[in-house]
Amino acid sequence: MIVVPLGVASATPTAVRHLPSVALWREGSVFLFDCGENAQMRMLQAGIKRSKIEGIFITHFDVDHYSGLLGLLATLQLQRREKPLTITGPVGIKEFVEWNLKFADIQPNYEIIFHEIKDDIDVDRVMDADEYYVEARPLKHNKFCVGYRFQEKDKPGKVDADKAEEMGISKDEQYKELKAGNDVTLEDGTVVQSSDIVGHPRPGDSFAYVTDTEYTPNAVKLAMNTNILYHEATFGKDLDDKASETGHSSTADAARVATEAQTKLLVIGHFSARYTNAHDLLKEAREGFYPAWLANELRPIFTDPMHERGIITPKVEINELDDKSGGKNYKGKKNHKGGKKKFRSRKGGPNRGKSNYRGNRSSSSNRSDSRGSSNYKRKTYGSSTYSANIKDKKDDSDSESSHRNITPRSSYDDFDRF
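Throughout the sequence shown, residue numbering follows our numbering, covering 4 to 421 in sequence.
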């Protein structure tokens, strides 16, 4: 299971952040959670095929969460898609999609299966397949909004092949029956019980998508014991009142949900445009829960990095959320102006080599300290070296290297609105 953030902004896009959307890849199938403006372009840039989408899950009807849906459906029609597509969302999603398709005179060749969620539900299993299911629960926003949990069903235990052979199992069909939990009767009448050959079932991986909500117990239920929890952190903890007023979460709320749910990894996203440096939000989230990572657009997050790494490869360079390098990319290649190869300093190119630059970042001991302990479960997730090695920045009085976490006001953007 691979999770790829496509858009991490809230309410309005910025120069470096797109509107909300997260793709989940599993066994060649893609599931899209929210579909903000430009989601399909971000899928292309992330290296994810739009033709592989099995389901789209809309959380609510704030425009930033579904503004890319119609364009994506039109593209699927132009690509001559034939297999059905499931669209899930609150009641009204069917009317919205069908009216717009009719208005645009688009008659899809593929079937669209709608699952509408009523506002009086406690929990709704919106998709149920042989190997996984998706459930929805209502959240606490200023309009009806749901969160989603993608859950793989328990996987069969491992077969003890040596023991099976000793007991007379030799045919593939017999192994399949045993692995399915069925006992097998041999030709001599001996009954080989599945429980004697097959180990305990293995729990499937899970992912929770929780956005546009204040703290609510339903968020904890969705995230309980998940491998990955994607939770909004629209505001810093100093703006708890603003978060409550707008029906959103602060970094402290995200950490609280992750702690109570005992998730294995918290990924924060859905950042307000006022924050030009999301690492300040990450630092706050880590004060309440660890491990916590930033949702970085197009950067994959793996549940099984040993086998999943390389399956999805971004088609564009990935810049960090606070990139001020003027064109230098994270691989240290030439910038668009043809400059020399340089490695980007975390505080920006102009400061590399200064006395306040952390030149010992590559030290293995420092990397261990930055994770809190040498036992950090990097092997379990391993999204990226960058994510695992984020360090808290030192306060710096140097005007060239210090950063401002609040975007300066302008005459055409009112950041108090979002």
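We put the CB at the ideal spot given by N, CA and C, even for glycine.
At a Cβ-Cβ threshold of 9 Å, ALA288 and ALA12 do not count as neighbours. Residue burial is scored here from C-beta neighbours: GLY10 has at least 16 other C-beta atoms within 10 angstroms and is therefore classed as buried.
Remark: C-beta atoms of LYS146 and GLY202 do not approach each other more closely than 9 Å.
The straight-line gap separating the alpha-carbon atoms of ASP186 and GLU134 is approximately 22 Å.
The Cβ neighbour count for LEU76, taken over all protein chains shown within 10 Å, is at least 16; the residue is labelled buried. Taking the Cβ atoms as the reference, GLY150 lies roughly 15 Å from LEU35, outside the contact range of under 8 Å. Below 8 Å, enough C-beta pairs join the region 59-76 and the region 22-36 to call them touching: three or more. Separation of SER253 and THR214 (C-alpha to C-alpha, rounded to the nearest whole angstrom) is 11 Å. Here the C-alpha atom of ARG140 lies approximately 6 Å from the C-alpha atom of ASN221. A direct Cα-Cα distance of roughly 43 Å separates MET4 from ASP191. Nearest to VAL126 by alpha-carbon distance, out of PRO93, PRO111, TYR113, ASN103, is PRO93. Note on geometry: alpha-carbon atoms of VAL194 and ASP165 lie some 17 Å from one another. Restricted to the region 14-61, the alpha helix (DSSP H) segments that are unbroken, complete and at least 4 residues in length are 42-49, listed in chain order. The count of Cβ pairs closer than 8 Å, one atom from the region 111-126 and one from the region 171-185, stays below three, leaving the stretches out of contact.
CA-to-CA, the gap between LEU268 and LYS97 works out to about 34 Å. If you check the CB distance, ALA255 and ASP244 do not come in under 9 Å.
Contact between ALA258 and PHE292 holds: CB atoms are separated by about 4 Å, below the 8 Å threshold. Straight through space, the alpha carbons of LEU73 and LYS105 are spaced by roughly 11 Å.
Counting other Cβ atoms within 10 Å of its Cβ, GLU85 stays below 16 and is therefore classed as exposed.
Inclusion of PHE274 and ARG20 in the CB contact set at 9 Å is warranted, their separation being smaller than that value. Comparing C-alpha distances from GLU40 to each of LYS156, VAL25, SER54 shows the shortest one belongs to VAL25.
In its chain, beyond the 5 residues on either side, LEU79, GLN82, ARG84 have a beta carbon closer than 8 Å to the beta carbon of SER54.
Excluding residues up to 5 positions away in sequence, SER252, ASP256, ARG259, VAL260 lie with their Cβ nearer than 7 Å to the Cβ of TYR218 in the same chain.
Secondary structure of TYR278 (DSSP, three-state): strand. DSSP, read as helix, strand or coil, puts ALA164 in helix. The alpha carbon of GLY272 has as its nearest neighbour, out of SER197, LEU232, HIS144, the alpha carbon of LEU232. ILE5 is bridged by DSSP to TRP28, PHE305. Pairing VAL223 with LEU297, the inter-Cα distance amounts to about 20 Å. For the 9 Å CB-CB criterion, ALA49 and ILE314 do not form a contact.
Excluding sequence positions up to five before and after GLN177, its CB lies within less than 7 Å of the CB of VAL187, all in the same chain and listed in chain order. A residue is called buried when at least 16 other Cβ atoms come within 10 angstroms of its Cβ; TRP102 does not meet this threshold and is exposed. The closest CA to that of GLU235, considering only LEU284, ASP131, ASP157, GLU168, is found on LEU284.
If you check the CB distance, SER209 and GLN265 do not come in under 9 Å.
Bounds of the beta strand (DSSP E) holding VAL270 are 269-272. DSSP places GLY150 within a strand segment (E or B) once states are collapsed to three. In the three-state reduction of the DSSP assignment, GLY10 falls in the strand class.
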